[in-house]
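Colleague:
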Amino acid sequence: QQQVKQSPQSLIVQKGGISIINCAYENTAFDYFPWYQQFPGKGPALLIAIRPDVSEKKEGRFTISFNKSAKQFSLHIMDSQPGDSATYFCAASLQGGSEKLVFGKGTKLTVNP
Amino acid sequence: NAGVMQNPRHLVRRRGQEARLRCSPMKGHSHVYWYRQLPEEGLKFMVYLQKENIIDESGMPKERFSAEFPKEGPSILRIQQVVRGDSAAYFCASSRTQGPDTQYFGPGTRLTVL
Chain A
1 QQQVKQSPQS LIVQKGGISI INCAYENTAF DYFPWYQQFP GKGPALLIAI RPDVSEKKEG
61 RFTISFNKSA KQFSLHIMDS QPGDSATYFC AASLQGGSEK LVFGKGTKLT VNP
Chain H
1001 NAGVMQNPRH LVRRRGQEAR LRCSPMKGHS HVYWYRQLPE EGLKFMVYLQ KENIIDESGM
1061 PKERFSAEFP KEGPSILRIQ QVVRGDSAAY FCASSRTQGP DTQYFGPGTR LTVL
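Residue numbers (the working numbering), protein chains in the order written: chain A, 1 to 113; chain H, 1001 to 1114.
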């Protein structure tokens, strides 16, 4: 019940395309859903986060779509750039993010020039 | 405004030795979380601490691992009698004391056990 399942494991997109990464969760008590971006040898960096009272949140080229009834959320990267090539992790937490984060296994995104 | 600091960045230990990993949270943050990342895996929660208190250690192995966050100084993750399976990247994250919040991650310590 504490799992977060992420797909796909890897993704290759052409420059300018849309990258879509999906996550599903079981625990309906989760109330905070962040996405992290990690470059090789670095720590994860918060990209964008959403709470279940909204269905979509957009920040620049990054959009989270949230489907509470399906217990799913996804990250869309519009106009993908080679600099977006990284590993992306979805996560979920209780208590608005002040408790432990439960992470998906990650998606390695490669954006070809 | 310095971010979360971790040291050392790389640590090599032989089997049976002790490993000490340090984490200094962001200024104004008094919550610290430790996560472990195995190769090609996501991050796994280990322990959540506030100053002088362990709040949740449900992800920490019962033996050989311990963590502390003293009133003064950094948080320490200690691994005694390391084994090869302990080789991983260990990340520390910190958050503020109140309200809806986010966890900010440090650069990690990469532990290699020979």
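Where a beta carbon is used, it is the ideal one built from N, C-alpha and C, also for glycine. Predicted, not measured: the structure shown is a model, and the values here were computed from it.
#1: Drop a sphere of 10 angstroms on the beta-carbon of histidine 1014 of chain H, count the other beta-carbons inside from all chains shown, and report buried for 16 or more, exposed for fewer.
#2: Thinking C-alpha only, which one of A:Tyr32, A:Ser19, A:Gln14 and A:Gln3 is nearest glutamine 88 of chain A?
#3: What residues are listed by DSSP as bridge partners for alanine 86 of chain A?
#4: Between the segment 1049 to 1083 of chain H and chain D, which residues of the former have CB atoms less than 9 Å from a CB of the latter, in chain order?
#5: At a CB-CB cut-off below 9 Å, which residues of chain H make contact with lysine 105 of chain A?
#6: Does DSSP classify arginine 1084 of chain H as helix, strand or coil?
#7: Assign glutamine 95 of chain A to one of three DSSP states: helix, strand, or coil.
#8: Looking only at C-alpha atoms, which of H:Pro1008, H:Pro1107, H:Phe1045 and H:Leu1038 sits nearest to methionine 1060 of chain H?
#9: Show which residues of chain H have a CB atom less than 9 Å away from the CB atom of phenylalanine 89 of chain A.
#10: Taking any Cβ of chain H, which residues in the segment 45 to 65 of chain A have a Cβ under 9 Å from it, in chain order?
#11: How far does the beta strand (DSSP E) with glutamine 1050 of chain H in it extend, from its first residue to its last?
#12: When the Cα atoms are used, what is the spatial distance from tyrosine 1104 of chain H to methionine 1026 of chain H?
#13: For threonine 52 of chain A, which of helix, strand or coil comes out of DSSP?
#14: Please list the partners that proline 1107 of chain H has in chain A, where partner means a Cβ-to-Cβ separation under 7 Å.
#15: At 8 Å on the CB atoms, spell out the chain A contacts of tyrosine 1090 of chain H, in chain order.
#16: Counting only beta-carbon separations shorter than 8 Å, does lysine 71 of chain A have a partner in chain H?
Modeller: This is what the structure gives:
#1: Just to set this straight, residue 1014 of chain H is arginine in the shown sequence, not histidine. So arginine 1014 of chain H ends up on the exposed side.
#2: Inspection of the sequence shows that residue 88 of chain A is occupied by tyrosine rather than by glutamine. Selected option, being the one with the closest Cα: A:Ser19.
#3: Under DSSP, alanine 86 of chain A forms a beta bridge with A:Leu109.
#4: In the displayed structure, chain D is absent; the protein chains listed are A and H.
#5: One finds Glu1040, Glu1041 and Gly1042 in chain H with Cβ atoms closer than 9 Å to the Cβ of lysine 105 of chain A, taken in chain order.
#6: Assignment of arginine 1084 of chain H by DSSP, reduced to helix, strand and coil, places it in the helix class.
#7: Correct three-state label for glutamine 95 of chain A: helix.
#8: The shortest CA-to-CA distance from methionine 1060 of chain H to any of H:Pro1008, H:Pro1107, H:Phe1045 and H:Leu1038 is the one to H:Phe1045.
#9: Per Cβ cutoff of 9 Å: Gly1042 and Leu1043.
#10: Result list: Ala45, Leu46, Ala49 and Arg51.
#11: 1043 to 1050 is the extent of the beta strand (DSSP E) around glutamine 1050 of chain H.
#12: Distance between tyrosine 1104 of chain H and methionine 1026 of chain H, taken at the CA atoms: about 8 Å.
#13: In the sequence as presented, threonine is not what sits at residue 52 of chain A; that position holds proline. Coil at proline 52 of chain A, not helix or strand.
#14: Near proline 1107 of chain H (Cβ distances below 7 Å), the residues of chain A are Lys42 and Gly43.
#15: Residues of chain A with a Cβ closer than 8 Å to the Cβ of tyrosine 1090 of chain H do not exist; the shortest Cβ-Cβ separation is about 10 Å.
#16: Using a Cβ-Cβ cut-off of 8 Å, lysine 71 of chain A does not count as an interface residue toward chain H, since no Cβ of chain H sits closer than that to its own.
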